[in-house]
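These notes are about the structure you will find just below.
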Amino acid sequence: MKPSDVNACDRAEDCKSSKIQLENMSKSQPGSKTEKADQIVADTKFKDVGDTSLPDGGPVEPATPLSEVKQEPYNLPSPYEWTTCDMNSDDMCSAVYNFLKEQFPDKRYLFQENYSREFLRWALCPPGYHQSWHIGVRAKNSTKLAAFISGVPERIRVHDKVVEIAKITLFCIHKKLRSKKVLPTVMIKEVTRRVHLQNIWQAAYSLPAKRATPLITCQYWVRMLNPMKLMDVRFSCALDNTTAKRLTVKLYNLPDATITPGFRKMEQRDIPAVTGLLRNYLSQFGVATDFDENDIEHWFLPREHVIYSYVVETHDVITDLCSFYAVQLTIDDNNPKHETVECAYSYYNVATQTSLLQLMKDALIVSKKEGFDVFHALDVMHNESFLKDLKFKLDNSQMHYYLYNYRLRSALKPSEFGIVF
Ligand SMILES: CC(C)(COP(=O)(O)OP(=O)(O)OC[C@H]1O[C@@H](n2cnc3c(N)ncnc32)[C@H](O)[C@@H]1OP(=O)(O)O)[C@@H](O)C(=O)NCCC(=O)NCCS
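The opening position of the sequence shown corresponds to residue 2 in this note's numbering, with each subsequent residue numbered one higher.
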């Protein structure tokens with residue numbers, strides 16, 4: 002499909018006519034002054050860290066009575082309208098997929114993230130999700146998407162309190178509508194309004210780029226699984242010297258079979274045991290996801306090309322868990338040999354009977370067998386204990402996590418953080 006088939010704003014007149022209106026919109030939105038502090042993403046400040054006079058763990062601003070939440074969507078310039086995206090509809094899922102595929106990539110980079118339709122459904126439709134939080138802006142004439150933002154409900158535990166939050170995930174503005182403050186003045190305001198309508202007053206989001214003061218900054222580590230391909234596509238420093246290449250391949254070599262007895266793919270029948278195992282493990286971290294059985298079924302039950310989870314079963318008891326999710330990178334380089342890099346991202350791992358080092362070595366072995374080229378892990382939870390031994394290298398990318406309208410008195414370390422998203 003050509004880009005012009007996909008996107009609303011490739012039609013020059015759509016973009017030109019709306020440019021001025023979009024610029025004016027940031028000034029003229031009803032409530033734009035008073036509601037500035039109510040925007041989930043852009044305005045997070047974390048100035049309170051270390052202020053012992055403040056209570057630890059609690060909303061910064063109290064909830065507003067629901068009757069005071071604006072009932073109607075914010076205004077859009079006349080060529081555009083809001084659309085709620087039903088991700089269970091194949092047509093709508095494809096429209097979002099195509100929009101993100103076309104508009105997400107940043108041409109400055111050789112590798113572009115490509116979220117599959119299956120991945121989008123996994124990420125956007127967990128138990129209790131609100132379709133109203135999958136928000137598109139489309140051109141009235143062409144009905145093509147011009148912007149998208151999404152949120153999903155999640156429970157996190159902050160010390161001893163469980164907080165219902167909206168996790169703000171994928172957002173994207175059509176390239177021709179960028180730098181006009183459409184994100185903060187339109188998209189974030191609207192998602193915030195819709196989150197408030199569900200009586201949710203806290204939110205979280207993560208970004209690779211640092212904006213405002215994050216709750217925590219975590220570091221990515223990266224482990225080559227298929228070094229020859231990664232060197233060929235320049236994902237990793239390409240070594241000209243053949244001997245050096247051969248040594249690199251040898252260095253990252255992995256056994257063909259897993260080591261741990263009882264290591265197998267997670268199944269439906271494991272859900273209660275995995276829930277117990279993970280809840281128990283996460284209880285030691287200051288801030289962590291609060292999973293129940295429905296969440297585990299959705300987020301962990303294996304789905305090809307999306308989420309991979311393995312357990313260790315000994316005498317009918319599930320003792321360990323490792324998991325990773327899949328993101329494909331497309332190579333913007335007309336590479337003669339390869340079109341994509343298959344990335345695995347470490348999700349949640351729990352080791353009680355097996356050492357975490359051995360468990361994660363098995364995770365590397367199975368991820369390689371599943372066709373992944375590279376394995377990423379953040380330095381959260383106990384991950385630091387295996388990274389260097391398993392030949393992960395510090396990556397030059399970070400993930401900053403932000404909490405909206407929730408105060409924590411003391412700063413957290415990645416090893417005290419039990420959340421991955
Ligand atoms: C991120 C993106 C939506 C920003 O759109 P934009 O048109 O460049 O930004 P706007 O002009 O609408 O607004 C700028 C304001 O939005 C906010 N903002 C911009 N980028 C942001 C980001 N990545 N995260 C959070 N807030 C952001 C800031 O408040 C910024 O104001 P500031 O520069 O004064 O701090 C756009 O660049 C995009 O679609 N990128 C590709 C997809 C992507 O990277 N999404 C983010 C991760 S899901």
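Glycine residues also receive a C-beta, built at the ideal position from the N, C-alpha and C atoms.
A straight line joining the alpha-carbon of G129 with that of G152 spans about 12 Å. Contact annotation: L279 and L322 have beta-carbon atoms nearer than 8 Å. Inclusion of Y311 and V367 in the CB contact set at 8 Å is warranted, their separation being smaller than that value. Rounded to the nearest whole angstrom, the C-alpha separation of F105 and E305 is 23 Å. Listed in chain order, the non-local C-beta contacts of Q399 below 6 Å within the same chain comprise T218, Q220, local neighbours out to five positions each way being set aside.
In the DSSP secondary-structure assignment, D321 is bridged to V313, A352. Checking the DSSP bridge columns, you'll see M225 partnered with V375.
If you check the CB distance, G419 and V288 come in under 8 Å.
Set against 7 Å, the gap from the CB of A167 to the closest heavy atom of ligand 1 is not smaller.
A check of alpha carbon separations from L302 across R270, V97, T65, T315 identifies R270 as the nearest. Secondary structure note for G137: its beta strand (DSSP E) is the uninterrupted segment 135-140. Looking at the DSSP output, N115 shares a beta bridge with Q329.
In the DSSP secondary-structure assignment, M400 is bridged to C219.
In the DSSP annotation of this structure, the continuous segment of the beta strand (DSSP E) that includes L208 starts and ends at 203-208. The count of Cβ pairs closer than 8 Å, one atom from the stretch 86-94 and one from the stretch 123-140, reaches three, so the stretches are in contact. Taking the Cα positions, I297 is about 13 Å away from R156. Judged by DSSP secondary structure, E385 falls within the alpha helix (DSSP H) whose first and last residues are 385-388.
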